[in-house]
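Asker:
Protein chains: 2
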Amino acid sequence: MIRITREADYGIVLMTALAQAEGQPRSAALLAQQRRLPLPMVSKILKALARANLLTSQRGVQGGYQLARPATAISAADIIGALEGPIAITECSDESHDGCVRQDHCEVSGHWPRINQAIHAALQSINLLEMSRPDPLQPLHFHPLHRAMTTQVIGRLI
Amino acid sequence: MIRITREADYGIVLMTALAQAEGQPRSAALLAQQRRLPLPMVSKILKALARANLLTSQRGVQGGYQLARPATAISAADIIGALEGPIAITECSDESHDGCVRQDHCEVSGHWPRINQAIHAALQSINLLEMSRPDPLQPLHFHPLHRAMTTQVIGRLI
DNA sequence: TTAATCAGTACTTAATTGGTACCATTTGCT
DNA sequence: AGCAAATGGTACCAATTAAGTACTGATTAA
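Heads up: the protein sequence lines correspond to chains H and D, in order. For the first sequence, counting from 1, position 87 maps to 92 in the working numbering; every step adds exactly one. For the second sequence, counting from 1, position 78 maps to 83 in the working numbering; every step adds exactly one.
#1: Kindly indicate which three-state DSSP category T61 of chain H falls into: helix, strand or coil?
#2: Keeping to the same chain, check which residues put their C-beta closer than 7 Å to that of L36 of chain D; ignore five residues upstream and five downstream.
#3: I want to see whether chain D comes within less than 8 Å of L44 of chain H, judged by CB atoms only; does it?
#4: Is the shortest distance between the beta-carbon of L72 of chain D and the beta-carbons of chain H less than 8 Å?
#5: Going by beta carbon distance, what residues of the same chain come within less than 6 Å of M136 of chain H, once the five residues before and after it are set aside?
#6: Flag R119 of chain D as yes if its beta-carbon sits less than 8 Å from any beta-carbon of chain H, otherwise no.
#7: Under 9 Å Cβ-Cβ, which residues of chain D neighbour S130 of chain H?
#8: Taking A26 of chain D as the reference, give the member of D:A53, D:Y70, D:E12 and D:A57 with the closest Cα.
#9: Counting only the same chain and skipping the five closest in sequence on each side, list residues whose C-beta sits under 8 Å from that of E89 of chain H.
#10: I need the straight-line Cα distance from L51 of chain H to A126 of chain H, nearest angstrom please.
#11: Since G16 of chain D is in the alpha helix (DSSP H), which residue starts that stretch and which ends it?
#12: What residue range is occupied by the uninterrupted alpha helix (DSSP H) comprising G200 of chain H?
#13: Across which residues does DSSP place G28 of chain H in a beta bridge pair?
#14: Output, in chain order, the set of chain H residues within a Cβ distance shorter than 8 Å of R31 of chain D.
#15: Check the Cβ-Cβ distances between R8 of chain D and every residue of chain H, and say whether any is below 8 Å.
#16: Out of curiosity, what's the CA-to-CA distance linking I131 of chain D and I120 of chain H?
#17: Which of helix, strand or coil does DSSP assign to R74 of chain H?
#18: Could you have a look at R8 of chain H and say whether DSSP puts it in helix, strand or coil?
#19: Which residues in chain D have a C-beta closer than 8 Å to the C-beta of A126 of chain H? List them in chain order.
#20: Note the first and the last residue of the continuous alpha helix (DSSP H) segment covering P43 of chain H.
#21: Is it right to say G68 of chain D is buried, meaning 16 or more other beta carbons lie within 10 angstroms of its own, or is it exposed?
#22: Given that a residue counts as buried once 16 or more other Cβ atoms are within 10 Å of its Cβ, and exposed if not, what is A34 of chain D?
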């Protein structure tokens with residue numbers, strides 16, 4: 006129903022791998038191998054995370070990436086935000102709103118910030134340590150949201 | 006950072022218009038004109054909302070659409086879910102997870118449901134009546150989330 | 001000096017979205 | 001009965017975006 010890009014998805018996978026590395030630097034190649042992700046993508050994503058100051062990088066032999074802060078101080082919102090940039094939930098929510106031709110007729114524009122904030126708060130409430138722990142609260146294939154949506158939207162499975 | 010489709014965006018605009026119609030049926034053409042949206046899109050969206058039982062429809066002359074329930078009983082999650090279908094936030098979160106080749110190496114898969122639920126709860130906490138009211142709490146062009154992301158992601162404006 | 005590693009950018013291909021067109025069906029009105 | 005106003009359904013095209021690849025440059029430790 007709401008999508009993040011695969012880049013952000015992979016980003017979280019990689020960040021959890023680094024969280025489990027306990028401060029040891031890990032090369033892009035090793036992480037790609039561990040998580041079975043294509044190396045060029047891994048490389049690209051790690052670079053972006055480093056530029057967003059979520060990772061520190063060390064070049065050269067024995068170099069690699071490590072978390073820039075403790076895992077508890079990195080949220081899902083941090084990671085997703087770093088990889089997807091400041092694209093808000095609708096077009097009206099970014100600065101180009103000033104040019105929105107429907108501005109005068111759009112009664113909800115003032116309410117999107119509230120929705121955005123709610124989502125942002127939800128993502129910020131989940132930190133990397135929580136995501137890195139195995140032992141999820143729920144069995145692996147139980148997806149409550151998905152089921153809820155499936156029953157609601159009859160016959161429109163994509 | 007997280008996106009919904011324009012279809013869902015328009016959907017909320019149209020639902021607020023219908024909420025303000027106070028039970029009077031409104032035709033797709035009228036709504037398109039009022040909100041300055043392309044008629045074919047409006048038509049398509051209203052049809053989907055009716056199929057999801059958020060609207061009732063009346064064919065023929067003087068027909069149109071109206072809310073199937075009170076505005077307080079319709080949430081942002083309902084509307085977005087009806088229009089975007091049960092696409093969860095990542096691929097791993099839908100039923101095809103069973104075939105996910107990275108399953109054994111993906112440590113976060115058990116945590117996505119938690120994230121999805123958090124977002125779903127956030128969207129469900131906002132109902133249509135709130136969205137339909139003018140008088141937003143904040144001035145029209147103040148977008149806290151966007152600013153936060155902008156400062157966080159330096160040099161990667163898209 | 002050499003090999004490992006990160007940094008940056010440009011490019012190609014595939015998928016998705018936004019939007020349109022068309023025709024069928026239903027219904028009220030004259 | 002017939003007409004016009006509506007919704008219902010489906011198929012389709014074009015434009016945008018995302019996913020993934022390739023290549024070249026810069027840095028560092030041994």
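Glycine included, each C-beta is placed from N, C-alpha and C at the ideal position.
Answerer: On the basis of the data shown:
#1: Here residue 61 of chain H refers to the residue found at position 56 of the first sequence. In the structure shown, T61 of chain H sits in a strand (DSSP, three-state: E or B).
#2: As a first step, residue 36 of chain D is located in the second sequence; it is residue number 31 there, counting from the start. Correct list, in chain order: L19, A22 and V47.
#3: Start at 1 with the first residue of the first sequence, and residue 44 of chain H comes out as number 39. By this cut-off, L44 of chain H is not an interface position.
#4: The residue labelled residue 72 of chain D in the question sits at position 67 within the second sequence. Output row for L72 of chain D: interface = no.
#5: Here residue 136 of chain H refers to the residue found at position 131 of the first sequence. Cβ within range, chain order: T21.
#6: On the second sequence, residue 119 of chain D is found 114 positions in, with the first residue counted as 1. Answer yes: the Cβ-Cβ gap between R119 of chain D and chain H drops below 8 Å somewhere.
#7: Position 125 of the first sequence, counted from the start, is the residue given in the question as residue 130 of chain H. Near S130 of chain H (Cβ distances below 9 Å), the residues of chain D are A123.
#8: For the purposes of this step, residue 26 of chain D is identified with residue 21 of the second sequence, where counting begins at 1. Minimum Cα distance to A26 of chain D is reached at D:Y70.
#9: On the first sequence, residue 89 of chain H is found 84 positions in, with the first residue counted as 1. Counting only Cβ-Cβ distances below 8 Å, and skipping sequence neighbours, we find I9, T10, E12 and A13.
#10: Walking along the first sequence from the start, residue 51 of chain H turns up at place 46. Walking along the first sequence from the start, residue 126 of chain H turns up at place 121. L51 of chain H and A126 of chain H: Cα-Cα distance of roughly 24 Å.
#11: Start at 1 with the first residue of the second sequence, and residue 16 of chain D comes out as number 11. First-last of the alpha helix (DSSP H) with G16 of chain D: R11 to A24.
#12: No statement about residue 200 of chain H is possible, as the shown extent of chain H runs from 6 to 163 and does not include it.
#13: Here the question's residue 28 of chain H lines up with position 23 in the first sequence. In DSSP, G28 of chain H forms no bridge with anything.
#14: What you label residue 31 of chain D is simply residue 26 of the second sequence in a count that begins at 1. The premise fails here: R31 of chain D is roughly 14 Å from chain H at the closest Cβ pair, so nothing lies under 8 Å.
#15: One-based indexing of the second sequence puts residue 8 of chain D at position 3. R8 of chain D counts as touching chain H.
#16: The count along the second sequence starts at 1 and reaches residue 131 of chain D at position 126. The count along the first sequence starts at 1 and reaches residue 120 of chain H at position 115. Going from the Cα of I131 of chain D to the Cα of I120 of chain H covers about 8 Å.
#17: Residue 74 of chain H sits at position 69 when you count from the first residue of the first sequence. R74 of chain H: coil per DSSP, three-state reduction.
#18: Here residue 8 of chain H refers to the residue found at position 3 of the first sequence. Note: R8 of chain H maps to strand in three-state DSSP.
#19: Translated into positions along the first sequence, residue 126 of chain H becomes position 121. Under the 8 Å cutoff, chain D gives A127.
#20: Locating residue 43 of chain H in the first sequence gives position 38, counting from the first residue. Neither: P43 of chain H is in no alpha helix (DSSP H) and is coded neither H nor E.
#21: As a position in the second sequence, residue 68 of chain D is number 63, starting the count at 1. Exposed, by the Cβ-count rule.
#22: Sequence index remark: in the second sequence, residue 34 of chain D carries index 29 (1-based). Counting other Cβ atoms within 10 Å of its Cβ, A34 of chain D stays below 16 and is therefore classed as exposed.
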